[in-house]
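Asker:
2 protein chains.
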Amino acid sequence: MIKPRTPPGVMELLPPDQIAFQRMLDTIRRNFERFGFLPVETPVMELSEVLLTKSGGETERQVYFVQSTGALEKNAEGAPELALRFDLTVPLARYVAEHEHDLAFPFRRYQMQRVYRGERAQRGRFREFYQCDIDVIGKDALSVRHDAELPAVIHAVFSELAIGAFTIQLNNRKLLRGFFEAQGIADGQLQALVLREVDKLDKRGEDHVRATLTGEGFGLDAAAVATILEFVKVRSTSHADALAQLDALGEGNQALREGVAELREVLELVRALGVPEGNYALNFSIARGLDYYTGTVYETTLNDYPQIGSICSGGRYEDLASHYSKSKLPGVGISIGLTRLFWQLREAGLIASAGSTVDVLVTQMDAQTLPHCLEVANELRQGGFNTEVVMESSKLAKQFKYADRAGIRFVVVLGENEISNGTVTVKDLRRADQFELPRAELVRALRVELAQAAALPEVPA
Amino acid sequence: MIKPRTPPGVMELLPPDQIAFQRMLDTIRRNFERFGFLPVETPVMELSEVLLTKSGGETERQVYFVQSTGALEKNAEGAPELALRFDLTVPLARYVAEHEHDLAFPFRRYQMQRVYRGERAQRGRFREFYQCDIDVIGKDALSVRHDAELPAVIHAVFSELAIGAFTIQLNNRKLLRGFFEAQGIADGQLQALVLREVDKLDKRGEDHVRATLTGEGFGLDAAAVATILEFVKVRSTSHADALAQLDALGEGNQALREGVAELREVLELVRALGVPEGNYALNFSIARGLDYYTGTVYETTLNDYPQIGSICSGGRYEDLASHYSKSKLPGVGISIGLTRLFWQLREAGLIASAGSTVDVLVTQMDAQTLPHCLEVANELRQGGFNTEVVMESSKLAKQFKYADRAGIRFVVVLGENEISNGTVTVKDLRRADQFELPRAELVRALRVELAQAAALPEVPA
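Chains A and B are the protein sequences, given in the same order. Residues 1 to 461 in full-length UniProt numbering are what the first sequence lists, from first letter to last. Residues 1 to 461 in full-length UniProt numbering are what the second sequence lists, from first letter to last.
1. Does residue 406 of chain B pass the burial test, meaning 16 or more other C-beta atoms within 10 Å, or should it be called exposed?
2. Closer than 8 angstroms, CB to CB, is residue 97 of chain A near chain B or not?
3. Within the same chain, show all residues whose beta-carbon is closer than 8 angstroms to that of residue 19 of chain A, passing over the 5 residues directly before and after it, in chain order.
4. Give a yes or no on whether the minimum CB-CB distance between residue 89 of chain B and chain A is below 8 angstroms.
5. Return the first residue and the last residue of the alpha helix (DSSP H) that residue 244 of chain B is part of.
6. Rounded to a whole number of angstroms, what is the C-alpha to C-alpha distance between residue 35 of chain A and residue 390 of chain A?
7. Taking all protein chains shown into account, decide if residue 65 of chain B is buried (16 or more other Cβ within 10 angstroms of its Cβ) or exposed.
8. Report all residues from its chain with a CB closer than 7 angstroms to the CB of residue 175 of chain B; omit the five preceding and five following residues, and keep chain order.
9. Which same chain residues, not among the five before or five after residue 186 of chain A, have their C-beta less than 7 angstroms away from its C-beta?
10. State buried or exposed for residue 191 of chain B, treating a residue as buried only when at least 16 other CB atoms are found within 10 Å of its CB.
11. Strictly by DSSP, which residues pair up with residue 387 of chain B?
12. Using only the alpha-carbon positions, how far apart do residue 315 of chain B and residue 424 of chain A sit?
13. Flag this pair as touching only if the segment 376-386 of chain A and the segment 425-438 of chain A have three or more C-beta atom pairs under 8 angstroms; answer yes or no.
14. Just to confirm, is the Cβ distance from residue 488 of chain B to residue 169 of chain B under 8 angstroms?
15. Would DSSP call residue 311 of chain B helix, strand or coil?
16. Quick one: what's got a C-beta closer than 6 angstroms to residue 235 of chain B's C-beta in the same chain, skipping five residues either side?
17. Using a beta-carbon distance cut-off of less than 8 angstroms, what residues from the segment 321-350 of chain B approach chain A?
18. Closest by CA to residue 372 of chain B, which one among B/360, B/343, B/349 and B/415?
19. Would you list, in chain order, the members of the segment 267-293 of chain B that have their beta-carbon closer than 8 angstroms to a beta-carbon of chain A?
20. Identify the continuous beta strand (DSSP E) that holds residue 327 of chain A and give its terminal residues.
21. Could you name the residues of the segment 427-455 of chain B whose beta carbon sits closer than 9 angstroms to any beta carbon of chain A, in the order they occur along the chain?
22. Just list the beta strand (DSSP E) runs in the segment 216-282 of chain A, keeping only unbroken ones of 3 residues or longer that don't cross its boundaries, in chain order.
23. Going along the chain, which residues of its own chain have a beta-carbon closer than 6 angstroms to the beta-carbon of residue 32 of chain A, five neighbours each way excluded?
24. Would you mind working out which of A/204, A/171, A/222 and A/228 sits nearest residue 194 of chain A, comparing C-alpha positions?
25. Classify residue 393 of chain B as helix, strand or coil using the three-state DSSP reduction.
26. Does the separation of the CB atoms of residue 253 of chain A and residue 181 of chain A fall below 8 angstroms?
27. Assess, as a yes-or-no matter, whether the segment 294-302 of chain A is touched by the segment 93-104 of chain A under the definition of 3 or more beta carbon pairs within less than 8 angstroms.
28. What are the residues of the segment 18-32 of chain A that lie near chain B, defined by any Cβ-Cβ distance shorter than 7 angstroms?
29. Residues of chain B with a CB under 8 angstroms from the CB of residue 102 of chain A: which are they?
30. If you follow the alpha helix (DSSP H) that residue 292 of chain B is in, where does it begin and where does it stop?
31. Any idea which residues DSSP pairs residue 333 of chain B with across the strands?
32. Mind reading off the beta-carbon distance from residue 50 of chain B to residue 85 of chain B? Whole number of angstroms is fine, and I expect it under 8 angstroms.
33. When the Cα atoms are used, what is the spatial distance from residue 26 of chain B to residue 161 of chain B?
34. By how many angstroms is the C-alpha of residue 119 of chain B removed from the C-alpha of residue 275 of chain B?
35. Specify the secondary structure class of residue 44 of chain B as computed by DSSP and reduced to three states.
36. Looking only at its chain, what residues have a beta carbon closer than 8 angstroms to the beta carbon of residue 461 of chain A, apart from the 5 residues adjacent to it on each side?
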């Protein structure tokens, strides 16, 4: 006897949670499609040679390699030919380069699949997790206007997910670069190190960060450090304030001017796309992956749960697929790490218990009535209701208890009386209500009930 | 520069095909849920020790093992700890055994995920492919009545997929066993070998098979062989004929009687579930995996494309999880290998070109009008239409050409005239029709157009 168990670092759900998770996936997908993004799926395995062009040592250590039994035997020493994707960006680069001549640009794709990383096992860290990505890829060039579409998608997704108030935080790498150059910090790596220190503001406090930056390691000018600390604290409070904060940066150098102009255009179009100004803000401390993003950068946070961190991040990059194609393919994209987000939301009690995917349970009084029950179930299914039939009769109370526990809302009873009268009895477990009606009216009556329920917002558990 | 390419044996699709594939997945899922099956997803990686309990050598040779870089270095000699699932049945067994106390029985689950097999690379064989499975698992016992639900699900799925006329072929392993015992072939393995020869009837012809079975290797009695060849040719032509064919088998031994009784009950309930009698038939030659199935077995074939073989198969098994649990968990299930099916249907020209997921393209005359375009797009999206906006203006003819190629049905034009009149111009590319209307009526008008389109069946390409 083998103990049944999953490997560490994966999230496997019982059906009620799986239903809630699936609904989140569906909501994200629906909104991605609503904004005109097209679906792509790529194989979980890529050729190692193709997958690992970019990766430094750190990425490589986290990669899962794949070998069939035959390959293992033949090739015990050599590097495995196949590896599992660790994100959706490298597969996208490979996909776009491979199919370049069959795609229309700007290419708008969404992809929602699992990715794999050999992370050290710890609570809340996953080795297998869903990423839900969208990217717009241009050929040769891509207007910064596309950078304004992604906050609109983020807004649509998280509004519909209804997990609380959120803010899409915007910044621009050119603006950051220009600002740091003006402070005498021209080296990109040094900028990155300063930003990393700045990131500790919340945890270590301003005095500690100031001491570090003016101290031995960095040796920055005290006035420059003061300016930096003022700068990274900028958060706009409204659309007008965001524009004013940009104005307040003054003329500056070319990089700063470019960054300001891009952010200004993005802000105006985000507003034109109908995103409420309470849902976006400038945040000059946002930097994201410094060797990758080159323009607009995004992070999204839940206003009431800052400890969850960014729930959707991304930005603008110069060239998607330089390892695979001579074409220049600039792009802008965002990613939602749904497995981790779901886990965090559940920990925070923010996942509403979703109820069952089953709308109706048709109970069974005894085997004689089963054919009638199956006919009623058939009518319900053709009417669009997800319907389960009790196939093995038991006490009716037990069948009701099952429906209640399973989160099934409607229970249909079809006893001898009902059969001879051509009626059914329906019990609405949510409203604790019961009624008998002609069988021919059942589908229509339940539609009315559901339409009423849809009009009223559901109370999260 | 690395050549961008996928590993052999995977199916990667361009967006139009991916949309068609996704619609098939959605249809299957919708119908699985309609019959009250609950979603389950399991990790792609399982512990090798857990995954490979059952497997003989043949299975093991096809398994993909997984190792992180760290594990590869530490453990170059040992067997890898992780492996990719090669079906959804073993993960289901592990899942049910692991979560037994949290599940309600009979447990009805669906699972639609990719599985991995190190198949020899050849055309139409995939190393990564989707399986779409449903199973009903009982605890201790499971009524044969559930065996009747699965043909109803198969019927609903393939009716809605609309890939042509199909027949769900039914048989029963007990009936087969009883029949062979009556012919003096009591040994299960010998029965399997005889059935394998019988399977060659179409290819080799009856004389060849008769010669083999009466010949040296088998040495069966000529009369028995004649009876077997008559028996395996039985195909019922209607519901009444199916019952008559069962009657014609006579009393027989116990196994035969049990098989006949089960098939009879299944047939009656399949009919009560509303499956038209043209969509199911007895076929006494169906056996499926002989060491696994113990009762009802199913295969489904397309009437006009017999060469595609079974598009949905399964059956009843005695005990799902004997390796992981002392509980007896009998079940019945079916599986659709969707990747292969999609590939075959595409080869046969049976995949209708799906059109885009994008309903509307909002064109752009010049940058000045963009904010208006974004507002209209916002209204369309809130009205439920998947909408793409041209963010970088170009010649209008080029924008129309893009919509046409991409399969986008509606194109919205918002020029200076329209903006000053408060109107939009809509071009319906499918009907080659064009009209101008007040902007406030746009969403309602497109809804009417789509409702009309939905009422008319689409013509496959």
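The beta carbon of each residue, even a glycine, is placed where N, CA and C say it ideally should be. Everything numeric in this text was worked out from a predicted model, so none of it was measured.
Answerer: Looking at the coordinates:
1. Taking the first residue of the second sequence as 1, we reach residue 406 of chain B at position 406. Residue 406 of chain B should be labelled buried.
2. As a first step, residue 97 of chain A is located in the first sequence; it is residue number 97 there, counting from the start. Answer yes: the Cβ-Cβ gap between residue 97 of chain A and chain B drops below 8 angstroms somewhere.
3. Counting from one through the first sequence, the residue named residue 19 of chain A turns up at place 19. These residues qualify, in order along the chain: 354, 355, 356 and 357.
4. If you number the second sequence from 1, residue 89 of chain B lands on position 89. For residue 89 of chain B, the answer is no, since every Cβ of chain A falls outside 8 angstroms of its Cβ.
5. To locate residue 244 of chain B, count along the second sequence from 1; it is residue 244. First-last of the alpha helix (DSSP H) with residue 244 of chain B: 239-247.
6. If you number the first sequence from 1, residue 35 of chain A lands on position 35. If you number the first sequence from 1, residue 390 of chain A lands on position 390. Each residue's Cα considered, the two are about 42 angstroms apart.
7. Counted from its first residue, the second sequence places residue 65 of chain B at position 65. Classification for residue 65 of chain B: buried.
8. Position 175 of the second sequence, counted from the first residue, corresponds to residue 175 of chain B. Contacts found: 256, 259, 260 and 263.
9. By 1-based counting over the first sequence, the position of residue 186 of chain A is 186. Counting only Cβ-Cβ distances below 7 angstroms, and skipping sequence neighbours, we find nothing.
10. The residue given as residue 191 of chain B occupies position 191 in the second sequence. Buried, by the Cβ-count rule.
11. Here the question's residue 387 of chain B lines up with position 387 in the second sequence. Per DSSP, B/360.
12. As a working mapping, residue 315 of chain B is identified with position 315 in the second sequence. As a working mapping, residue 424 of chain A is identified with position 424 in the first sequence. Each residue's Cα considered, the two are about 33 angstroms apart.
13. no
14. Limits of chain B in this structure are 1 at one end and 461 at the other, which puts residue 488 of chain B out of reach.
15. Position 311 of the second sequence, counted from the start, is the residue given in the question as residue 311 of chain B. Residue 311 of chain B falls in the coil class under three-state DSSP.
16. For the purposes of this step, residue 235 of chain B is taken as the residue at position 235 of the second sequence. 281 and 283.
17. 321, 323, 324, 325 and 326
18. Taking the second sequence and counting its residues from 1, one reaches residue 372 of chain B at position 372. Closest option to residue 372 of chain B, Cα to Cα, is B/415.
19. 268, 269, 272, 273 and 274
20. Your numbering for residue 327 of chain A matches position 327 in the first sequence. Here residue 327 of chain A belongs to no beta strand (DSSP E), and DSSP marks it neither H nor E.
21. Within the segment 427-455 of chain B, no residue has a Cβ that lies closer than 9 angstroms to any Cβ of chain A.
22. 280-282
23. For the purposes of this step, residue 32 of chain A is taken as the residue at position 32 of the first sequence. The residues are 110 and 134.
24. Taking the first sequence and counting its residues from 1, the one referred to as residue 194 of chain A is at position 194. Among A/204, A/171, A/222 and A/228, the Cα nearest to that of residue 194 of chain A is on A/228.
25. The residue you call residue 393 of chain B lines up with position 393 of the second sequence. Reduced to three states, the DSSP call for residue 393 of chain B is coil.
26. As a working note, residue 253 of chain A is residue 253 in the first sequence. As a working note, residue 181 of chain A is residue 181 in the first sequence. Cβ atoms of residue 253 of chain A and residue 181 of chain A: closer than 8 angstroms.
27. no
28. 18, 19 and 22
29. The residue labelled residue 102 of chain A in the question sits at position 102 within the first sequence. For residue 102 of chain A, the residues of chain B that pass the 8 angstroms Cβ criterion are 14, in the order they occur in the chain.
30. Locating residue 292 of chain B in the second sequence gives position 292, counting from the first residue. Careful: residue 292 of chain B lies outside any alpha helix (DSSP H) and carries neither H nor E.
31. As a first step, residue 333 of chain B must be located in the second sequence, where it is residue number 333. Residue 333 of chain B is bridged to B/135 and B/315.
32. Here the question's residue 50 of chain B lines up with position 50 in the second sequence. Here the question's residue 85 of chain B lines up with position 85 in the second sequence. So it is not a contact: roughly 10 angstroms between Cβ atoms.
33. Within the second sequence, residue 26 of chain B is the residue found at index 26, counting from 1. Within the second sequence, residue 161 of chain B is the residue found at index 161, counting from 1. If you take the alpha carbons of residue 26 of chain B and residue 161 of chain B, they lie about 10 angstroms apart.
34. Taking the first residue of the second sequence as 1, we reach residue 275 of chain B at position 275. Taking the first residue of the second sequence as 1, we reach residue 119 of chain B at position 119. For residue 275 of chain B and residue 119 of chain B, the distance between alpha carbons rounds to 36 angstroms.
35. As a working note, residue 44 of chain B is residue 44 in the second sequence. Residue state, collapsed to three classes: coil.
36. Here residue 461 of chain A is taken as the residue at index 461 of the first sequence, counted from 1. Annotation note: pLDDT 38 at residue 461 of chain A (below 50); position unreliable, coordinate value reported separately. Excluding residues within five positions, the ones whose Cβ falls inside 8 angstroms are 352 and 353.
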